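Peer 1: Questions regarding the structure given below will be posed in turn.
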DNA sequence: TGGGTCTGCGTACAATGGTACATACTTTGT
DNA sequence: ACAAAGTATGTACCATTGTACGCAGACCCA
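Residue numbers (UniProt numbering), protein chains in the order written: chain A, 1 to 196; chain B, 1 to 196.
Shown next as structure tokens:
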């Protein structure tokens, strides 16, 4: 009695992708088994088979977001050497070539909200944040990293709300420049490095 | 045949307040007629009587948020005269005495998300934002005002996610100081004023 | 080939949702 | 005091939801 392999190994993945599509376009509250099944083009029973309860399905779907996030966001940041490089990378991540799509931002916002009620998703979000902070702290003081992180989220949020009014690149650049050259607070001796 | 007055004039207000309470603690998706009725201590029919459909109830509830927002947030900002005053006011609005409670932040986040699907709420959010920008532009350049607005939202969001890990006041202060003294971009000649 | 196990799916059910509506209660002008 | 208009509510309906469960193929080892 060896374990059988699924007939359609992509099915599970397809369901997860469909879940994210539904969440992005209709919101988490609309993410039902049935709605996701329709989006994925699979029968209802198929979704309940792969995911015993809806919470698990949704959380798992959110988890797959990380894989898409890391490379796009982190790589340019790690390669940055000068202050100017860092600012360029931040601008690009905010409203440039490496920035998340409006759909992705929607997804993060849905995730934030779901996280307010779901400890598992809240942990996931904090992991995202820590990951981002770790990257930023390679080049910035702890305080600057936190501020940059908060500002980027604020601008993403702005984009989601005003999708017809794109951010002004030079304004974004100036703001990051101001934060990057922000004085170290010199109150937390543990985090010394200001430049890699 | 004169128009009759409601027997309980506070009932409508009580329903709206109950709606916000439910939204803050359970999320918009949980804001049903029945749940709100229970919270308000009124019969189901009472909620459907005052608000023909649920969308109207929720949007109206969100609208009442503005009345509570303006005085707390705007007054200290308008009174600010020096850069230092402005920074103080911003810090206070972020994590100090005039800052929104965690419950209020949750409410704004729910509103953001609901606004992604409801044009009426999206308009309301843009009004909030414009209002905030108008106040900030009394003291700051347009670019700095936008950056400050985005950063504040980012930090509120942070507080909502990490409610046990309060923001470090001096970090917040340093970041605002950096943005407030941010160079004017000199690319938009319409908005000149840097100081009131 | 035959049984046992896992994969995959359709249906059924109890719970909950928004909304419609018939009914009762208040107030008010005459 | 009476009736009409507006206020307020309880009930009923239909749609939708998550989930339980039974049944059918597919696969593996003997």
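We put the beta carbon where it would ideally sit given N, CA and C, even for glycine. Just so you know, these numbers come straight off a predicted model, no measurement behind them.
Could you check if residue 71(B) is buried or exposed, using at least 16 other CB atoms within 10 Å of its CB as the buried criterion?
Peer 2: exposed
Peer 1: To the nearest angstrom, report how far apart residue 100(A) and residue 167(B) are at their CA atoms.
Peer 2: Take the alpha-carbon of residue 100(A) and the one of residue 167(B): they are about 26 Å apart.
Peer 1: Name, please, each residue of chain A whose Cβ falls closer than 9 Å to the Cβ of residue 116(B).
Peer 2: 27, 106, 109, 110, 160, 161
Peer 1: Assuming residue 118(A) and residue 55(A) form a contact by the criterion Cβ under 8 Å, report the distance between their Cβ atoms to the nearest whole angstrom.
Peer 2: 7 Å
Peer 1: Using 8 Å as the cut-off, can you tell me whether the region 147-167 of chain B makes contact with the region 142-158 of chain A, which would need three or more C-beta pairs spanning the two stretches below that distance?
Peer 2: yes
Peer 1: Taking 8 Å as the CB-CB limit, is residue 169(B) close to chain A?
Peer 2: Look at residue 169(B): its C-beta is not under 8 Å from any C-beta on chain A.
Peer 1: Going by DSSP in three states, residue 76(A) sits in which element: helix, strand or coil?
Peer 2: helix
Peer 1: Strictly below 9 Å CB to CB, what residues from chain B border residue 132(A)?
Peer 2: Those do not exist, as residue 132(A) stays about 12 Å from chain B at its closest Cβ, beyond 9 Å.
Peer 1: Output needed for residue 192(A): all residues of its chain with C-beta closer than 6 Å, excluding positions within five of it in sequence on either side, in chain order.
Peer 2: Here residue 192(A) scores only 40 on pLDDT, less than 50, and its place in the model is too uncertain to base an answer on.
Peer 1: Since I believe residue 57(B) is in contact with residue 64(B) (beta carbons under 8 Å), could you give me their beta-carbon distance rounded to a whole number of angstroms?
Peer 2: Contact doesn't hold; Cβ gap of about 11 Å is too wide.
Peer 1: Nearest-angstrom Cα distance between residue 106(B) and residue 163(B)?
Peer 2: If you take the alpha carbons of residue 106(B) and residue 163(B), they lie about 11 Å apart.
Peer 1: Is the shortest distance between the beta-carbon of residue 113(B) and the beta-carbons of chain A less than 8 Å?
Peer 2: yes
Peer 1: Which residues in chain B sit within 8 Å of residue 126(A), going by Cβ to Cβ distance?
Peer 2: 161, 162
Peer 1: Just the C-alpha distance for residue 37(A) and residue 62(B), rounded to the nearest angstrom, thanks.
Peer 2: The C-alpha of residue 62(B) is placed about 33 Å away from the C-alpha of residue 37(A).
Peer 1: Output the boundary residues of the alpha helix (DSSP H) element that contains residue 41(B).
Peer 2: DSSP places residue 41(B) outside any alpha helix (DSSP H), giving it a letter other than H or E.
Peer 1: Counting only Cβ pairs nearer than 7 Å, list the residues of chain A close to residue 146(B).
Peer 2: 171
Peer 1: Please report the residue range of the alpha helix (DSSP H) in which residue 128(B) lies.
Peer 2: That run of the alpha helix (DSSP H) goes 119-137.
Peer 1: Excluding five sequence neighbours on each side, which residues of the same chain lie with their C-beta closer than 8 Å to the C-beta of residue 124(A)?
Peer 2: If we look at residue 124(A) and ignore the five residues flanking it on each side, its Cβ neighbours are 59, 62, 63, 66, 111, 115.
Peer 1: 8 Å is my cut-off, CB to CB: does residue 157(B) come that close to chain A?
Peer 2: yes
Peer 1: Ordered along the chain, which non-local residues of its own chain (more than five positions away) have a Cβ less than 7 Å from that of residue 19(A)?
Peer 2: 31, 36, 57, 58, 61
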